[in-house]
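> In the working numbering, the protein residues as written are 266 to 675.
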Ligand code: SF4
Ligand code: SF4
């Protein structure tokens, strides 16, 4: 059982500290066979970028990929079964978050696990659910969740992130028949070798997609998902008894005395006071584990599915708090980012956030073709010196909700 916490909030520090810690403490987990299949599983819960606290930071993914490439691994895949609502609406969050471009930049593969071959695993009540074969058979599986609150599970970190290994909506729906227990069941069936938690910008409040970003600058590395999640709850200042999968894990003895003592005694430099994920009355009533299965039965009827797919139905679900996501269809079309030297104060913040270390802000003037259009620099620039050329599309909504907060915490 191993666990480490590093503090990092700039791309240089994230890459250096992650590399140092992995090499010093986890090197034995790297397989000797350099042709083995390496799977990196981030959390790409929606198309809200990492700076909102919702999805895994591209800078941390880049840190891990660079280390693996330098070690000589030839078969690296970033894989995620994207959130089922986006999948149903034919929206690729992998593309919208520029994960495909990051993969292209490093010459690694990217895979949407919604289209993988399923392998059956056991859920509550004898139900069988299909998880992607890649997740069961990887020679090295690195789970890279985001640290965030979650209104149904309490928190979403290592344990919950494995829901993205399920193939397609038909299998993801089965989890909700008994959400907490089935998350634990998933973790009994799928065993990542290493967990690297992105808490650099985490989310508090009504997560996973309607909360508020909170900067902790923490990256947690660990080998045990239960212990790592429990330490994450302590770091966030959230009672682990309110984190459903951890409660089930304790009841089932998976978080045994030794693990509990290790996690509860793990030294923390700082404890944050995350606002808990308090849902509205209607959502809390429906998502209560005692009632949820009955409402799921209603949700699965053809009539409900049709109503929910209409714009009015979707808006009503969002406004009532029963749906967290808005499925904006309009893509972002970025023709380029340009620098206004007259408003740039050379603070260097844009460079701290560029996942691929472009020499910013100068590279903006040169329209560097290596830019993966993640827009991190644009989001954090405090003076608005970086201009976006093109159509913001779905990014306009993110800007409206989070622009001020992101600039404030960056
Ligand atoms: S973040 Fe903005 S103001 Fe700061 S160096 Fe970059 S472009 Fe200039
Ligand atoms: S220059 Fe900006 S948009 Fe391009 S990769 Fe770097 S941070 Fe992302």
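We put the CB at the ideal spot given by N, CA and C, even for glycine.
1) Classify residue 477 as buried or exposed, calling it buried when 16 or more other Cβ atoms lie within 10 Å of its own Cβ.
2) Leaving out the 5 sequence neighbours to the left and right, which residues in its chain are closer than 7 Å to residue 401 when beta-carbon positions are compared?
3) Quick one: Cα of residue 524 to Cα of residue 420, how far?
4) Within this structure, are the beta carbons of residue 615 and residue 639 separated by less than 8 Å?
5) Does the count of Cβ pairs from the region 288 to 306 and the region 401 to 412 closer than 8 Å reach three?
6) Whole angstroms is fine: what's the gap from residue 487's alpha carbon to residue 333's?
7) Curious, which full-length alpha helix (DSSP H) runs of at least 4 residues does the region 518 to 544 contain?
8) How close, in whole Å, do the beta carbons of residue 599 and residue 494 come, if the pair is a contact with beta carbons under 8 Å?
9) If you check the beta carbons only, do residue 342 and residue 364 fall under 8 Å apart?
10) By alpha-carbon positions, which one of 427, 431 and 474 ends up nearest to residue 460?
11) Shortest alpha-carbon distance to residue 533 belongs to which of 506, 483 and 650?
12) Please report how far the alpha carbon of residue 489 lies from the alpha carbon of residue 675, in whole angstroms.
13) Enumerate, from N- to C-terminal direction, the unbroken alpha helix (DSSP H) stretches of 4 or more residues contained entirely within the region 587 to 626.
14) Just to check, is the beta-carbon of residue 618 closer than 7 Å to a non-hydrogen atom of ligand 2?
15) Do the CB positions of residue 503 and residue 473 come within less than 8 Å of each other?
16) Should residue 510 and residue 449 be called a contact, given that it needs their Cβ atoms to be closer than 8 Å?
17) Would you give the residue range spanned by the alpha helix (DSSP H) that residue 495 belongs to?
18) Would residue 300 and residue 340 be called neighbours here (beta carbons separated by less than 8 Å)?
19) Quick one: Cα of residue 370 to Cα of residue 636, how far?
20) Ligand 1 heavy atoms versus the CB of residue 669: any closer than 7 Å?
21) Ends of the alpha helix (DSSP H) at residue 349?
22) For the beta strand (DSSP E) holding residue 446, just list the boundary residues, first then last.
23) May I ask you to check if the CB of residue 602 is nearer than 7 Å to at least one heavy atom of ligand 3?
24) Could you spell out the range, first to last residue, of the alpha helix (DSSP H) harbouring residue 277?
25) Quick one: what does DSSP say residue 638 is sitting in, helix, strand or coil?
26) When you compare only the Cα positions, how much space is there between residue 663 and residue 604?
27) Count the other C-beta atoms from every protein chain shown that fall within 10 angstroms of the C-beta of residue 624, then say buried if there are 16 or more, exposed otherwise.
28) What first and last residue would you give for the beta strand (DSSP E) that runs through residue 414?
29) Cα-Cα, which of 280, 320, 337 and 274 is closest to residue 296?
30) Count the other C-beta atoms from every protein chain shown that fall within 10 angstroms of the C-beta of residue 606, then say buried if there are 16 or more, exposed otherwise.
31) Determine the burial state of residue 394: buried for a count of at least 16 other Cβ atoms within 10 Å of its Cβ, exposed for fewer.
32) Which residue marks the beginning of the alpha helix (DSSP H) containing residue 471, and which one marks its end?
33) In whole angstroms, give me the CA-to-CA distance for residue 267 and residue 513.
34) Within the region 362 to 386, note down every full alpha helix (DSSP H) run reaching 4 residues or more, in order along the chain.
35) Whose CA, out of 644, 485 and 621, lies closest to the CA of residue 290?
36) Flag this pair as yes or no: are the beta carbons of residue 632 and residue 601 separated by less than 8 Å?
On the basis of the coordinates in this document:
1) buried
2) 384 and 455
3) 19 Å
4) no
5) With the cut-off at 8 Å, the region 288 to 306 and the region 401 to 412 touch.
6) The straight-line gap from Cα to Cα measures roughly 17 Å.
7) 522 to 530
8) Incorrect: roughly 36 Å between the Cβ atoms, too far for contact.
9) Judged by beta-carbon spacing, residue 364 lies beyond the 8 Å limit of residue 342, meaning their Cβ atoms are not closer than that value.
10) 427
11) 483
12) Cα-Cα distance, rounded: 30 Å.
13) 614 to 618
14) yes
15) no
16) yes
17) 490 to 501
18) yes
19) 9 Å
20) no
21) 349 to 353
22) Segment 444 to 454 is the alpha helix (DSSP H) holding residue 446; no beta strand (DSSP E) there.
23) You won't find ligand 3 in this model; what it holds is ligand 1 and ligand 2.
24) 276 to 290
25) coil
26) Residue 663 and residue 604: Cα-Cα distance of roughly 21 Å.
27) exposed
28) 411 to 415
29) 337
30) Exposed: under 16 other Cβ atoms inside 10 Å.
31) buried
32) Unbroken run through residue 471: none, as it is neither H nor E.
33) 22 Å
34) 364 to 371
35) For residue 290, the closest of 644, 485 and 621 by C-alpha to C-alpha distance is 485.
36) yes
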